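2 protein chains.
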Amino acid sequence: MKLAPWRSSLSRALHQHRSQPYSRYLQLATVDSQGLPANRTVVFRGFLADSNQLQFITDSRSNKIAHIEAKPWGEVCWYFNKSREQFRLFGQLTLVTANLKSTLQFARQEVWQKLSDSARLQFAWPHPGKERVENPEAFSPSKPSETEPLNNFCLLLLNPEKVDHLQLIGEPQNRYLYLRQRDQTWWTQSVNP
Amino acid sequence: MKLAPWRSSLSRALHQHRSQPYSRYLQLATVDSQGLPANRTVVFRGFLADSNQLQFITDSRSNKIAHIEAKPWGEVCWYFNKSREQFRLFGQLTLVTANLKSTLQFARQEVWQKLSDSARLQFAWPHPGKERVENPEAFSPSKPSETEPLNNFCLLLLNPEKVDHLQLIGEPQNRYLYLRQRDQTWWTQSVNP
Chain A
37 MKLAPWRSSL
47 SRALHQHRSQ
57 PYSRYLQLAT
67 VDSQGLPANR
77 TVVFRGFLAD
87 SNQLQFITDS
97 RSNKIAHIEA
107 KPWGEVCWYF
117 NKSREQFRLF
127 GQLTLVTANL
137 KSTLQFARQE
147 VWQKLSDSAR
157 LQFAWPHPGK
167 ERVENPEAFS
177 PSKPSETEPL
187 NNFCLLLLNP
197 EKVDHLQLIG
207 EPQNRYLYLR
217 QRDQTWWTQS
227 VNP
Chain B
37 MKLAPWRSSL
47 SRALHQHRSQ
57 PYSRYLQLAT
67 VDSQGLPANR
77 TVVFRGFLAD
87 SNQLQFITDS
97 RSNKIAHIEA
107 KPWGEVCWYF
117 NKSREQFRLF
127 GQLTLVTANL
137 KSTLQFARQE
147 VWQKLSDSAR
157 LQFAWPHPGK
167 ERVENPEAFS
177 PSKPSETEPL
187 NNFCLLLLNP
197 EKVDHLQLIG
207 EPQNRYLYLR
217 QRDQTWWTQS
227 VNP
């Protein structure tokens with residue numbers, strides 16, 4: 037697998053912001069069952085091995101699952117405040133649920149194992165988005181296994197096919213478009229900011 | 037006009053982050069003509085007077101214009117890094133172009149007048165997203181009027197009807213849903229994070 041040409045710029049931005057944990061937070065847009073836009077913050081969990089696919093995690097009880105199952109496309113928007121640059125990555129989404137028969141289960145397990153205890157614990161909390169459970173014990177469940185993901189834990193992959201990189205620092209500014217071709221090579225163009 | 041109940045939390049977050057100019061940057065999701073999601077960073081330009089509508093600006097030459105004209109709905113996602121909270125605001129979009137016959141032209145003009153010189157100048161740059169114009173003079177146009185907006189300058193309004201406020205700080209965390217009712221009052225519910 038060849039690294040996509042936008043990977044080096046993204047790695048540089050991540051390195052430059054490594055002291056800010058929230059620089060790994062970005063926004064994922066999807067389309068709901070009525071064809072309306074939805075947008076929420078997700079956490080970048082690294083690239084899937086030997087690929088250019090971005091990894092995120094989600095709960096099978098969250099609303100975005102239905103969106104993604106009906107329309108498996110997303111665009112993430114990632115803004116880096118120190119280097120003042122934006123990456124927009126558009127592509128197909130793959131949801132790796134507990135039931136999916138796929139070698140991707142290894143990646144799902146690996147991402148689970150890398151999570152902090154508190155991040156794993158959230159998957160044992162009450163149904164997200166439903167009326168608040170007032171019993172505080174509901175939010176203090178017993179610690180889940182560190183090796184075997186809970187059933188509602190999903191890995192979410194984004195396979196970019198269009199990347200738009202804007203650098204606000206520069207005279208005037210720089211902006212690059214990257215498009216994945218059918219032969220999996222990337223076409224790059226410098227465009228007006 | 038009554039302030040929506042989510043306004044005080046949002047004002048508090050903005051105040052808390054007033055030293056970070058980028059805390060006014062947020063991500064706007066729309067749906068393109070093929071029904072696919074699109075996502076980009078926009079800058080919050082305050083609320084439209086006597087309303088709960090958020091103001092943004094855009095260039096009539098940008099891709100999102102066609103998206104919004106075909107499907108005038110958007111969801112913005114706003115993450116505040118110090119207070120560790122997220123606001124998702126979903127609602128109808130109104131595009132105030134130069135040609136729109138509306139009293140909103142006053143707001144369009146007012147937002148233009150409040151822009152910095154460098155922000156105004158960008159509307160005189162070459163067509164955004166097109167192949168890069170290599171002549172550097174193209175990016176050094178003469179200064180546009182400070183009072184009369186350029187024709188391609190648009191005001192964009194988002195009128196929230198659903199707001200999802202998540203606070204990651206808290207034991208465990210807090211999340212509130214706000215839904216605008218037909219009578220324009222807001223229904224509020226505490227939900228599981």
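So the sequence lines, in the order shown, correspond to chains A and B.
Adding 36 to a residue's 1-based position in the first sequence gives its number in the working numbering.
Adding 36 to a residue's 1-based position in the second sequence gives its number in the working numbering.
Heads up, the beta-carbon is just placed ideally off N, CA and C, and yes, glycines get one too.
For clarity, every value in this text was computed on a predicted model and none was experimentally measured.
Inset, instruction - Name the residue from Leu90(A), Leu64(A) and Asn228(A) whose alpha carbon lies nearest to the alpha carbon of Asn99(A). - result: Taking the first sequence and counting its residues from 1, one reaches residue 99(A) at position 63. Cα-wise, what sits closest to Asn99(A) is Leu64(A).
Please state the DSSP three-state secondary structure of Ser226(A). Counting from one through the first sequence, the residue named residue 226(A) turns up at place 190. Strand.
> Who are the Cβ neighbours of Ala106(B) in its own chain at under 6 Å, not counting the five residues just before and after it?
Replying inline: Locating residue 106(B) in the second sequence gives position 70, where the first residue counts as 1. Only residues of its own chain outside the window of five on either side were considered, and among them Ser69 have a CB closer than 6 Å to the CB of Ala106(B), listed in chain order.
Counting pairs of Cβ atoms below 8 Å between the region 191–208 of chain B and the region 117–129 of chain B, do you hit three or more?
-> yes
Interface positions of the region 72–90 of chain B facing chain A (Cβ-Cβ less than 8 Å), listed along the chain:
Leu72, Pro73, Ala74, Asn75, Arg76 and Thr77
So, is the C-beta of Trp42(A) closer than 8 Å to a C-beta in chain B? For the purposes of this step, residue 42(A) is taken as residue 6 along the first sequence, with counting starting at 1. By this cut-off, Trp42(A) is not an interface position.
Q. Taking contact to mean at least 3 C-beta pairs separated by less than 8 Å, is the region 86–101 of chain B in contact with the region 178–193 of chain B?
A. yes
### Residue from Thr77(A), Arg76(A) and Val67(A) whose Cα sits closest to the Cα of Pro73(B)
What you label residue 73(B) is simply residue 37 of the second sequence in a count that begins at 1. Ranking Thr77(A), Arg76(A) and Val67(A) by Cα distance to Pro73(B) puts Val67(A) first.
- prompt: Name the chain A residues whose beta carbon is nearer than 8 Å to that of Trp161(B)?
  reply: Here the question's residue 161(B) lines up with position 125 in the second sequence. What Trp161(B) touches in chain A: Pro208, Asn228 and Pro229.
Query raised in the report: Enumerated in chain order, which unbroken segments of the beta strand (DSSP E) with a length of 3 residues or greater are wholly contained in the region 174–205 of chain A?
Result: 189–203
- Report the three-state DSSP secondary structure of Trp114(A) (helix, strand or coil). Here residue 114(A) refers to the residue found at position 78 of the first sequence. Of the three classes helix, strand and coil, the one that applies to Trp114(A) here is strand, per DSSP.
Worksheet entry | Against chain A: residues of the region 114–129 of chain B by CB proximity under 7 Å | Hits within the stretch, in order: Tyr115, Asn117, Gln122 and Arg124.
Taking Cβ positions only, does Gln63(B) come closer than 8 Å to chain A? In the second sequence, residue 63(B) corresponds to position 27, counting from 1. Cβ-Cβ to chain A under 8 Å: yes for Gln63(B).
In the DSSP assignment, find the unbroken beta strand (DSSP E) run with Glu121(B) in it and report its ends.
The residue you call residue 121(B) lines up with position 85 of the second sequence. That run of the beta strand (DSSP E) goes Glu121 to Val132.
Worksheet item: Since Phe142(B) is in the alpha helix (DSSP H), which residue starts that stretch and which ends it?
Response: Position 106 of the second sequence, counting from 1, holds the residue named residue 142(B). From DSSP, the alpha helix (DSSP H) with Phe142(B) extends over Leu140 to Lys150.
Quiz item: Helix, strand or coil: which one does DSSP assign to Glu167(A)?
Solution: Within the first sequence, the letter at position 131 stands for residue 167(A). The answer is strand: DSSP assigns Glu167(A) an E or B state.
Fill in: 6 Å Cβ shell around Ala40(A) - same chain, five flanking residues per side excluded
As a working mapping, residue 40(A) is identified with position 4 in the first sequence. Taken in chain order, the residues that qualify are Asn88 and Trp222.
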